[in-house]
Amino acid sequence: MTMSQDKRRSGAVASFRISPVAIGCTLLIAAAGATAQTQQPQQLETVTVTGIRKGIEDAISVKRNSDAIIEAISAEDIGKLPDTTIAEALARLPGVTAQRTRSGTASNISIRGLGPDFNGYLLNGREQTSTGDSRAVDLSVYPAELIGAANVYKTSDASLAGAGLAGTIDNRLVDPLAFGKRVIAISAEKIKTGMSLPATGTGSRQSVAYIDQFADRTIGIALGFVKADGTTNELGTGGWGEATVAATAPGGASLGNVRVPAPFGAGVDYRNRRVTDERTGAAAIIAFKPNKNFTSQLDLFYSKVDTETKEARIQGGLSGPITDAVVSNGVATKGSYALGANGAGLVNRIENIFDDDTIKSVGWRNTLKLNGGWTAAVDLSRNSAHRVERDIEAYAGIATADT
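Per the numbering used here, the very first residue in the sequence shown carries number 2; after that it's consecutive.
Laid out in structure tokens, this is it:
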């Protein structure tokens with residue numbers, strides 16, 4: 002029995018042997034650790050993202066950090082928004098549609114199907130007045146070269162002044178202290194439109210921008226100027242009114258002259274239109290930031306748009322009834338008109354329309370960060386819009402008398 006206990010004890014005794022493989026692994030690990038301690042930390046190169054990728058990243062960052070539902074665009078570089086006016090650039094955003102003038106220029110935008118009258122319009126967070134007859138602001142007067150970013154708020158926000166029912170458009174001028182170095186941007190371009198027309202439309206656009214920082218980056222200035230001109234031509238035909246057709250009832254009774262839709266019901270119109278516009282814009286921004294808690298910025302903005310429309314028309318009254326009319330599904334598709342049957346003959350019409358729109362805006366904002374996450378701000382601003390419209394018309398023609 003004693004011998005059996007001794008055997009159990011001898012089986013419980015553990016043995017330890019040193020393997021050559023283990024010794025080799027230990028030496029390698031120790032050598033690698035010593036090498037890592039002797040090597041100096043390697044300085045990685047800085048990767049700076051610019052251009053269109055930087056603009057996309059900035060727009061995504063604005064949307065991500067906003068508490069409201071917004072759409073944002075950002076200039077890839079100063080003076081390089083993808084379009085010539087801010088209205089053209091905003092039309093690229095989802096849920097935003099541009100409304101264009103007769104010359105094809107995007108002037109207003111609709112947000113989620115509601116018209117421009119339901120929008121709020123801001124410049125650097127300040128409400129803008131309109132040069133039109135309604136609340137809708139003509140966005141074509143804001144050159145894209147002077148805009149650094151634009152936000153479209155689709156939901157309300159208590160921090161927005163003059164918010165709209167459909168949405169709010171906030172155009173932001175450039176911040177000179179946001180740039181790390183001096184920037185000088187100059188651009189010039191030539192435009193040609195209407196290649197298929199007898200008279201080809203032409204235009205040009207020039208812009209210059211200067212941004213710099215002084216006094217250890219506590220003072221920054223930004224200056225911008227843009228001038229553009231262009232012409233568009235249009236040839237077209239049209240008409241107005243409804244046609245009348247002598248009709249009879251199934252029983253043979255006369256129904257007199259019945260009005261039916263027709264392409265040229267009461268008259269025909271041939272027109273030649275030429276639109277010339279000249280746009281001038283300027284902006285100046287002065288920023289002062291002596292420390293991380295206080296910021297003062299003065300913004301000056303000026304825009305002027307002069308548009309001249311010249312029209313030459315030949316109009317003929319077709320106020321008599323259609324003879325030998327062919328009516329299909331309630332629409333007159335064939336027949337003969339009596340030109341000037343009721344005294345309306347051919348008329349030569351010349352019309353000149355002059356529109357001069359001017360916007361002036363000045364704002365001074367001071368912001369101070371307080372303890373506990375509070376911020377005090379004083380914002381003074383003034384905005385004015387002035388519009389002069391002149392319409393000159395001349396008519397000449399030969400009237401016909403009834404016989």
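Positions of the beta carbon are idealized from the N, C-alpha and C atoms, including for glycine.
In angstroms with no decimal places, state the Cα-to-Cα distance between residue i and residue j.
{"i": "Val97", "j": "Asp356", "result": "27 Å"}
{"i": "Val348", "j": "Val153", "result": "48 Å"}
{"i": "Pro117", "j": "Asn234", "result": "27 Å"}
{"i": "Thr277", "j": "Ser329", "result": "43 Å"}
{"i": "Asn294", "j": "Ala378", "result": "12 Å"}
{"i": "Arg138", "j": "Lys155", "result": "What sits at residue 138 in the sequence shown is Val, not Arg. If I take the Cα positions, the gap works out to 17 Å."}
{"i": "Gln207", "j": "Thr169", "result": "30 Å"}
{"i": "Ser205", "j": "Gly121", "result": "31 Å"}
{"i": "Pro95", "j": "Ala73", "result": "10 Å"}
{"i": "Arg391", "j": "Asp307", "result": "12 Å"}
{"i": "Lys193", "j": "Arg275", "result": "14 Å"}
{"i": "Asn372", "j": "Leu147", "result": "35 Å"}
{"i": "Leu381", "j": "Arg113", "result": "32 Å"}
{"i": "Asp59", "j": "Ile71", "result": "13 Å"}
{"i": "Arg65", "j": "Ser75", "result": "14 Å"}
{"i": "Gly318", "j": "Arg101", "result": "30 Å"}
{"i": "Ile393", "j": "Ala99", "result": "30 Å"}
{"i": "Thr334", "j": "Thr232", "result": "37 Å"}
{"i": "Gln298", "j": "Val63", "result": "21 Å"}
{"i": "Val209", "j": "Gly268", "result": "50 Å"}
{"i": "Leu134", "j": "Lys370", "result": "As written in the sequence, residue 134 is Asp, which differs from the Leu given in the question. Asp134 and Lys370: Cα-Cα distance of roughly 41 Å."}
{"i": "Asn172", "j": "Thr203", "result": "29 Å"}
{"i": "Gly240", "j": "Lys305", "result": "35 Å"}
{"i": "Gly374", "j": "Thr132", "result": "40 Å"}
{"i": "Thr69", "j": "Ile61", "result": "Here residue 69 turns out to be Ala, not Thr, going by the sequence shown. Between Ala69 and Ile61, the C-alpha separation is close to 13 Å."}
{"i": "Ile57", "j": "Gly336", "result": "59 Å"}
{"i": "Trp365", "j": "Glu309", "result": "35 Å"}
{"i": "Glu89", "j": "Lys191", "result": "18 Å"}
Here's the rule: buried if 16 or more other CB atoms are within 10 angstroms of the residue's CB, otherwise exposed. What is residue i?
{"i": "Asn353", "result": "exposed"}
{"i": "Arg280", "result": "buried"}
{"i": "Leu140", "result": "buried"}
{"i": "Asp325", "result": "exposed"}
{"i": "Pro144", "result": "buried"}
{"i": "Arg93", "result": "exposed"}
{"i": "Ile351", "result": "exposed"}
{"i": "Thr238", "result": "exposed"}
{"i": "Phe17", "result": "Reliability fails at Phe17, whose pLDDT of 49 lies under 50, so the model's placement of it is uncertain and no value is given."}
{"i": "Ala37", "result": "Residue confidence is low: Ala37 scores 47 on pLDDT, short of 50, so the model does not pin down where it sits. No coordinate-derived value is stated."}
{"i": "Leu115", "result": "exposed"}
So the candidates are the options; which of them puts its Cα closest to the Cα of residue i?
{"i": "Asn273", "options": "Leu301, Gln316, Ala284 and Lys290", "result": "Gln316"}
{"i": "Ser108", "options": "Ser62, Leu224, Thr85 and Asp300", "result": "Thr85"}
{"i": "Lys482", "options": "Gly374, Ala159, Thr296 and Ala395", "result": "Absent from the structure is residue 482, since the part of the chain shown begins at 2 and ends at 404."}
{"i": "Ser67", "options": "Ala159, Gly336 and Phe289", "result": "Ala159"}
{"i": "Phe180", "options": "Arg218, Phe302 and Ser62", "result": "Arg218"}
{"i": "Ile220", "options": "Pro177, Thr102 and Ile187", "result": "Pro177"}
{"i": "Arg314", "options": "Gly398, Ala210 and Glu89", "result": "Gly398"}
{"i": "Thr296", "options": "Thr203, Gly336, Thr376 and Val209", "result": "Thr376"}
{"i": "Pro291", "options": "Glu309, Lys305, Ala229 and Ala216", "result": "Ala216"}
{"i": "Ala150", "options": "Ile87, Lys335, Gly374 and Gly268", "result": "Ile87"}
{"i": "Leu224", "options": "Val327, Thr203 and Ala186", "result": "Ala186"}
{"i": "Gln407", "options": "Ser188, Asp230, Ile286 and Ala229", "result": "Because the chain is modelled from 2 through 404, residue 407 falls outside the range shown and cannot be assessed."}
{"i": "Ala189", "options": "Ala69, Ala229 and Gly374", "result": "Ala229"}
What do you reckon, are the CB atoms on residue i and residue j nearer than 8 Å?
{"i": "Leu91", "j": "Ile110", "result": "yes"}
{"i": "Leu166", "j": "Phe119", "result": "yes"}
{"i": "Asp358", "j": "Arg388", "result": "yes"}
{"i": "Arg127", "j": "Ala164", "result": "no"}
{"i": "Thr130", "j": "Ser385", "result": "yes"}
{"i": "Ala300", "j": "Val363", "result": "It is Asp, not Ala, that sits at residue 300 in the sequence shown. Going by C-beta atoms, Asp300 is nearer than 8 Å to Val363."}
{"i": "Ala283", "j": "Tyr303", "result": "yes"}
{"i": "Val142", "j": "Ile360", "result": "yes"}
{"i": "Ile212", "j": "Arg183", "result": "yes"}
Which residues bound the alpha helix (DSSP H) around residue i?
{"i": "Glu146", "result": "That residue, Glu146, is in no alpha helix (DSSP H); it is neither H nor E in DSSP."}
{"i": "Leu91", "result": "Ile87 to Leu91"}
In the DSSP assignment, find the beta strand (DSSP E) that holds residue i and state where it starts and stops.
{"i": "Lys305", "result": "Phe295 to Gly318"}
{"i": "Trp365", "result": "Leu347 to Lys370"}
{"i": "Asn330", "result": "Asn330 -> no beta strand (DSSP E), and no H or E assigned at all."}
{"i": "Arg275", "result": "Gly268 to Phe289"}
{"i": "Leu381", "result": "Thr376 to Gly398"}
{"i": "Ala99", "result": "Val97 to Arg101"}
{"i": "Ala73", "result": "Ile71 to Ser75"}
{"i": "Thr169", "result": "Gly168 to Leu174"}
{"i": "Ala107", "result": "Ala107 to Ile112"}
{"i": "Gly373", "result": "First-last for Gly373: undefined, no H or E at that position."}
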